[in-house]
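Chains as they are written, first to last, in this note's numbering: chain A, 148 to 420; chain B, 82 to 415.
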Amino acid sequence: MKFYCLCFSALMLTSASLLAVEKPRRIVSIGLCTDQLLLMLADREQIASLSVWAQDENMSYMIDAVGDIPLNRSSVEEIIQFEPDLVVASEFVAWDTVKFLRQLGYPVKQMPVATSVAQIYQQLELFGEWTGNQQRAQATIAQMQSRLADIHARYAERPVKSVIIYSPNGFTIGANTLEDDLFIQAGYRNLAAEMGIEGFQAISLEKLVASDPDVLQIDRGLSQQDSLATAYLGHPVLARLTRQREYLDIPTRLRICAGPMIVDAVELMAARR
Amino acid sequence: MNLKAVDTRLLIAILLPLLLVVLAFALGVGAVDIDLGKAIRDIVNQQTSIEMLILHDIRLPRALLAGLVGGTLGLAGAALQGLLRNPLAEPGIIGISNGAALGAVIVFYYGLAGSAWFVLPLGGLVGALLAVSCIFLLVGQSRSIITLILAGVAINAIGGALIALALNFAESPYAMQEIVFWLLGSVANRSFNELYIALPFLVLGWAMMLYCGRFLNALTLGEETAKSLGFNVVRMRLVLILGVAASVGAAVSVAGNIGFIGLVVPHLVRPFVAYEPRRLLLASGLVGAILLLIADIAVQSLPTAAEMKLGVITSLVGAPFFLLLILKSRNTLQ
């Protein structure tokens with residue numbers, strides 16, 4: 148009993164000292180989206196490790212900022228070697244690792260999934276608080292807001308176009324998703340949402356063609372390597388469908404994570420309207 | 082002899098129109114209802130419309146591929162049963178299809194398929210050929226059903242494990258989930274691209290198998306008799322095996338491993354061709370095409386959340402049939 152009391156008070160002391168220090172100093176991120184938020188909002192000295200995805204040229208927007216920061220494959224063994232005082236992950240990413248780390252007593256913060264631009268602002272604020280970089284977060288939010296307002300104003304005259312998105316394995320993206328909000332921000336009507344599709348859902352090639360969109364957006368997904376999943380996007384009917392219509396190919400790194408880079412995606416989309 | 086020839090013609094006169102009817106029916110089935118009349122008019126007038134795109138670019142290659150792959154498997158099943166003189170021989174059961182899938186997987190996921198159009202079906206061919214060679218090494222001249230089936234079990238297990246291994250090492254993050262396609266097969270979302278790359282290999286394989294018809298007839302009387310009838314047994318066997326490997330290899334490389342068609346079809350057809358291997362070949366091809374088209378209509382019509390793989394249906398029908406055949410031949414198994 149005495150031993151447990153001792154442990155408990157030791158724990159209280161450490162957490163108290165952590166609070167006093169305020170800014171975590173050895174942050175480990177175990178997922179692409181938190182990697183990028185860390186690189187954008189935290190000081191370089193605060194980052195102990197990022198996930199390997201931070202260096203994926205297809206998916207990472209912040210690839211040039213990674214430098215010599217050590218990378219991890221989100222396994223518990225690797226992570227605890229960095230003796231992190233904060234581990235950040237997106238919700239649903241490496242949930243088994245997160246559970247294990249919590250059992251071992253490491254502080255883990257999970258970022259909820261953002262389904263709108265408004266939620267991205269909330270996420271940035273939250274991330275600023277976690278890492279002790281509130282001011283930088285506020286500045287980033289303000290910059291996003293002014294850029295988005297500028298894009299709205301610049302393309303307000305152009306007509307609203309209908310769009311549908313096609314991604315690997317024949318999935319489309321419907322209502323209640325960040326992608327849907329990006330379409331709205333860029334001045335498009337998402338036909339998948341109008342069909343009653345919510346979230347990510349498979350759509351048959353026939354239904355996709357029959358939806359008769361003004362613009363077809365192809366999502367190259369996680370990889371450029373050959374696979375049956377990406378072969379869906381190479382079906383010749385898509386090339387023929389887009390012969391008289393527009394075709395959008397927004398780089399994955401601009402839209403895979405909720406963050407400031409989505410403004411680039413909105414700008415690309417709005418400019419093509 | 083004359084009577085039989087008429088019978089063959091009659092059989093084709095029945096099967097060919099039936100195939101065309103099923104094909105036409107398959108073109109009418111899909112995820113959306115379209116005005117087929119308008120679609121056909123637009124195709125004839127070379128006008129691009131939604132209906133035309135759906136019929137010509139999505140449904141037509143899919144249905145044609147289902148027919149071609151089904152025909153290949155039926156024909157190859159009949160050829161293998163004749164060659165091995167064994168009623169349970171079939172590309173899937175004896176491991177040729179898994180061998181072909183392994184070859185195709187290695188070519189496809191390791192970035193080789195883009196180098197030339199023929200590389201993917203060639204990968205399937207080489208894999209199929211390796212599997213057949215293993216079968217011959219294991220079974221040799223034995224006509225024992227048990228030896229053949231056990232060799233098939235072993236080759237299938239090795240093939241399946243190597244497919245999984247190749248997918249695990251592939252760089253694409255999607256690769257591992259796609260094992261379902263390679264093991265169960267599908268023609269969904271396939272286009273004329275896949276059809277064109279497979280077709281030369283399919284046609285070549287069919288020609289080689291059909292060329293061996295008379296040899297298979299002679300072989301029913303035993304190898305010595307075939308030799309005495311003037312056949313170069315070694316050469317004919319090689320032609321037949323290459324034919325099976327080319328066509329099954331190409332079929333699997335674009336549609337995955339669709340099981341049991343090659344087993345069931347020759348058994349259904351055999352009574353109608355007076356148990357003559359040569360006449361069995363063409364008829365098995367036609368019936369195989371018809372059955373796989375029907376299976377593909379079924380997977381599109383069933384209200385499943387994600388579309389079922391073709392191999393699920395063919396195995397559900399074919400595997401009990403396989404058991405039945407084993408029960409029937411139990412006496413000879415001892």
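Note that beta-carbon positions come from the ideal geometry of N, C-alpha and C, so glycine has one too.
Quick caveat, the model's predicted, so the values are computed rather than measured.
Which of helix, strand or coil DSSP assigns to residue i
i, result
"glutamine 391 of chain A", "coil"
"proline 388 of chain B", "One point to set straight first is that residue 388 of chain B is glutamate, not proline, in the sequence displayed. Here glutamate 388 of chain B sits in coil by DSSP."
"leucine 197 of chain A", "strand"
"glutamate 132 of chain B", "helix"
"valine 345 of chain B", "helix"
"leucine 251 of chain A", "coil"
"asparagine 179 of chain B", "helix"
"glutamine 162 of chain B", "helix"
"glutamate 126 of chain A", "The structure shown does not extend to residue 126 of chain A, since chain A is modelled only from 148 to 420, so the question has no answer here."
"leucine 363 of chain A", "strand"
"cysteine 307 of chain A", "Reading off the sequence, residue 307 of chain A comes out as valine, not cysteine. Three-state DSSP puts valine 307 of chain A in coil, outside helix and strand."
"serine 396 of chain B", "helix"
"serine 365 of chain B", "helix"
"alanine 167 of chain A", "With a pLDDT of 47 at alanine 167 of chain A, under the threshold of 50, the modelled position of that residue is not reliable, and the figure given next carries that caveat. Correct three-state label for alanine 167 of chain A: helix."
"serine 382 of chain B", "helix"
"serine 314 of chain A", "strand"
"valine 350 of chain B", "helix"
"valine 413 of chain A", "helix"
"cysteine 215 of chain B", "helix"
"aspartate 116 of chain B", "coil"
"isoleucine 403 of chain A", "coil"
"proline 202 of chain B", "helix"
"methionine 209 of chain A", "coil"
"leucine 186 of chain A", "helix"
"histidine 382 of chain A", "coil"
"leucine 169 of chain B", "coil"
"valine 268 of chain B", "coil"
9 Å Cβ cutoff met for residue i and residue j
i, j, result
"alanine 299 of chain B", "phenylalanine 341 of chain B", "no"
"alanine 159 of chain B", "proline 281 of chain B", "no"
"serine 174 of chain A", "aspartate 232 of chain A", "The residue asked about is misnamed: residue 174 of chain A is isoleucine in this sequence, not serine. For isoleucine 174 of chain A and aspartate 232 of chain A, yes; Cβs fall inside 9 Å."
"isoleucine 298 of chain A", "alanine 405 of chain A", "no"
"glycine 346 of chain A", "alanine 376 of chain A", "no"
"leucine 363 of chain A", "arginine 336 of chain A", "no"
"glycine 366 of chain B", "tryptophan 287 of chain B", "yes"
"valine 329 of chain B", "alanine 209 of chain B", "yes"
"proline 315 of chain A", "tyrosine 379 of chain A", "yes"
"leucine 374 of chain B", "glycine 148 of chain B", "yes"
"serine 178 of chain B", "isoleucine 339 of chain B", "yes"
"tyrosine 313 of chain A", "isoleucine 344 of chain A", "no"
"glycine 180 of chain B", "leucine 211 of chain B", "yes"
"glutamine 372 of chain A", "tyrosine 292 of chain B", "no"
"threonine 278 of chain A", "proline 407 of chain A", "no"
"leucine 156 of chain B", "methionine 257 of chain B", "no"
"isoleucine 177 of chain A", "asparagine 205 of chain A", "no"
"valine 150 of chain B", "valine 268 of chain B", "yes"
Within chain E, the residues that residue i reaches when beta carbons sit closer than 7 Å
i, result
"glycine 111 of chain B", "Given the protein chain composition of this structure (A and B), no chain E is represented."
Beta-bridge partners of residue i, as assigned by DSSP
i, result
"asparagine 219 of chain A", "A/Ser198"
"phenylalanine 237 of chain A", "Contrary to the premise, residue 237 of chain A reads as serine rather than phenylalanine in this sequence. In the DSSP output, where bridge partners are listed per residue, serine 237 of chain A has A/Met258."
"glutamate 326 of chain A", "BP columns for glutamate 326 of chain A are empty, so no partner."
"isoleucine 267 of chain A", "Its beta-bridge partners do not exist; DSSP assigns none."
"tyrosine 335 of chain A", "A/Lys308"
"threonine 319 of chain A", "A/Gln348"
"valine 175 of chain A", "A/Ser196 and A/Val234"
Expected contact under 8 Å - CB spacing of residue i and residue j to nearest Å
i, j, result
"phenylalanine 106 of chain B", "isoleucine 378 of chain B", "7 Å"
"leucine 146 of chain B", "alanine 370 of chain B", "Contact doesn't hold; Cβ gap of about 11 Å is too wide."
"glutamine 332 of chain A", "valine 413 of chain A", "5 Å"
"leucine 283 of chain B", "alanine 331 of chain B", "5 Å"
"glycine 392 of chain B", "leucine 264 of chain B", "7 Å"
"valine 213 of chain A", "glutamate 238 of chain A", "Not really, about 23 Å apart at Cβ, beyond 8 Å."
"leucine 248 of chain A", "valine 240 of chain A", "That pair is no contact at about 12 Å."
"asparagine 406 of chain B", "leucine 203 of chain B", "Looking at the sequence provided, one finds leucine at residue 406 of chain B rather than asparagine. About 33 Å separates the two Cβ atoms, so there is no contact after all."
"valine 113 of chain B", "isoleucine 135 of chain B", "7 Å"
"alanine 167 of chain B", "leucine 91 of chain B", "The sequence given here has asparagine at residue 167 of chain B, not alanine. That belief does not hold up - the Cβ atoms of asparagine 167 of chain B and leucine 91 of chain B are roughly 29 Å apart, past 8 Å."
"leucine 325 of chain A", "serine 374 of chain A", "Contact flag wrong, Cβ pair sits at about 24 Å."
"arginine 420 of chain A", "tyrosine 302 of chain A", "6 Å"
Residue i: CB within 8 Å of a non-hydrogen atom of the ligand ATP
i, result
"glutamate 341 of chain A", "Only the bare structure without any ligand can be found here, which leaves the ligand ATP out of the picture."
Short of 9 Å Cβ to Cβ, which residues in the stretch 389-404 of chain A face chain B?
Arg390 and Gln391
Between the stretch 164-189 of chain A and chain B, which residues of the former have CB atoms less than 9 Å from a CB of the latter, in chain order?
none
Which residues, in order along the stretch 306-327 of chain A, keep a beta-carbon less than 8 Å from a beta-carbon of chain B?
So the list reads Pro315, Asn316 and Gly317, given in the order they occur along the chain.
Residues in the stretch 138-161 of chain B having any Cβ partner in chain A nearer than 7 Å:
Those residues of the stretch 138-161 of chain B that come within reach of chain A (Cβ to Cβ, closer than 7 Å) are Asp138 and Ile139.
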